[in-house]
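S.K.: Counted the way the numbering used here counts, the sequence shown spans residues 11 to 251. Backbone N, C-alpha and C define an ideal beta-carbon position, used for all residues, glycine too. Just so it is clear, the structure is predicted and the values come from calculations on it, not from any experiment.
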Amino acid sequence: MDGKDLLTGARYGQRMRPTITAAFLLFALPASAQQVSGPARAADGDSLDLSGISVRLFGVDAPELAQSCERGGALWTCGKQAASKLASLVAGKSVVCEQKDIDDYGRIVATCRAGSIDLGGAMVDAGLAVALPHFSDRYVASEARARAASVGLWNGTFQMPADYRAAHPRPGQRTPGLSRDAARARAPDRAPSPAPSGVYFRNCKEAWAAGAAPLRRGQPGYRPEMDGDGDGIACEPYRGR
């Protein structure tokens, strides 16, 4: 039975399903070499559904679907625009993803290509995703170019996606990301958590309500879990210029 892509409206069916070979590769290859390929649907600005297989793009973070950003004094639906951009990049194409890790939700974390296009790089180039240098420096230069050109998110004010998730937690869910063990392995130079200070905020929303945000590393209430980009400042708005 054919299905319909909720973002693009395009239909996909048996002719657009992943090859049997690719499906076997997902489970047959060693963890460092696993691949999956086939048609893809954008779940949001940094996640794909390859016919039931959930894939999170490696090294980047895009606004959440419900997230809004500011530019020119007005709000715009940056989360939905990021999802639409990713949907346009994969529409009608076979996507090939090479696994790098598994995140806290059990999703594959992978670099993905649609033809010659690196999807993570394309999203950062468009200014609709940020690089995650504590996991990989692969897209750091692309983000710097997008920031300098004031494109996408960098053409106004926005909240880092990780900070948005911390401020808007879903009931019973952890903040998505790579596994904590993998994060520690890839970022050995990150500062350890400060000793308890007696001040504790469950999320950035509480910190803002208390008038304490932004929080700097070492200040009462600062926690690395609230510092989405690892720059030592938690719960801060990000400005493109």
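Put Ser-104 into one of helix, strand or coil per three-state DSSP.
M.R.: Looking at Ser-104 - three-state DSSP - the assignment turns out to be strand.
S.K.: Exposed or buried, what is Gly-19 when buried is set at 16 or more other beta-carbons lying within 10 Å of its beta-carbon?
M.R.: Residue placement at Gly-19 is flagged as unreliable, the pLDDT there being 45, under the threshold of 50; the coordinate-derived value follows with that caveat. Residue environment analysis places Gly-19 among the exposed positions, since fewer than 16 neighbouring C-beta atoms fall within 10 angstroms of its C-beta.
S.K.: If you draw a straight line from the C-alpha of Ala-217 to the C-alpha of Asp-173, how long is it?
M.R.: If you take the alpha carbons of Ala-217 and Asp-173, they lie about 11 Å apart.
S.K.: Please tell me whether His-144 has its Cβ less than 8 Å away from any Cβ of chain D.
M.R.: Here chain D cannot be found, since the structure has a single protein chain.
S.K.: Do three or more CB pairs link the segment 159-177 to the segment 75-83 at distances below 8 Å?
M.R.: yes
S.K.: Go ahead and label Leu-85 buried or exposed: buried means 16 or more other beta carbons lie within 10 angstroms of its beta carbon, across all protein chains shown.
M.R.: exposed
S.K.: Between Tyr-232 and the rest of its own chain, which residues show a CB-CB distance below 7 Å, the 5 nearest in sequence each way excluded?
M.R.: Pro-204, Leu-225, Arg-226 and Ala-244
S.K.: Spatial neighbours of Ala-223 within its chain, please: CB distance less than 8 Å, with the 5 preceding and 5 following residues excluded, ordered by chain position.
M.R.: Cys-214, Ala-217, Ala-244, Cys-245 and Glu-246
S.K.: Out of Ala-124, Ser-126, Val-65 and Ser-160, point me to the one whose CA is closest to Val-140's CA.
M.R.: Ser-160
S.K.: Taking the C-alpha atoms as reference points, what is the distance between Val-119 and Val-46?
M.R.: Their Cα atoms are separated by approximately 11 Å.
S.K.: Buried or exposed: Ser-126, going by 16 or more other Cβ atoms within 10 Å of its Cβ?
M.R.: exposed
S.K.: Go ahead and label Pro-171 buried or exposed: buried means 16 or more other beta carbons lie within 10 angstroms of its beta carbon, across all protein chains shown.
M.R.: Classification for Pro-171: buried.
S.K.: Can you tell me whether Val-150 is helix, strand or coil according to DSSP?
M.R.: helix
S.K.: Please work out which residues of its chain come closer than 7 Å, Cβ to Cβ, to Lys-103, disregarding the five sequence neighbours upstream and downstream, and give them in chain order.
M.R.: Ala-124 and Gly-125
S.K.: Which first and last residues belong to the beta strand (DSSP E) in which Arg-175 is found?
M.R.: Element bounds for Arg-175: not the beta strand (DSSP E) but the alpha helix (DSSP H), 171-177.
S.K.: Does DSSP classify Glu-80 as helix, strand or coil?
M.R.: strand
S.K.: According to DSSP, is Ala-132 part of a helix, a strand, or is it coil?
M.R.: helix
S.K.: Kindly list the residues whose CB is nearer than 6 Å to the CB of Val-105, restricted to its own chain and excluding five residues on each side of it in sequence; keep chain order.
M.R.: Setting aside the 5 residues that flank it on each side, Val-105 is surrounded in the same chain by Ala-50, Cys-122 and Ala-124, each with a C-beta closer than 6 Å to its C-beta; the list follows chain order.
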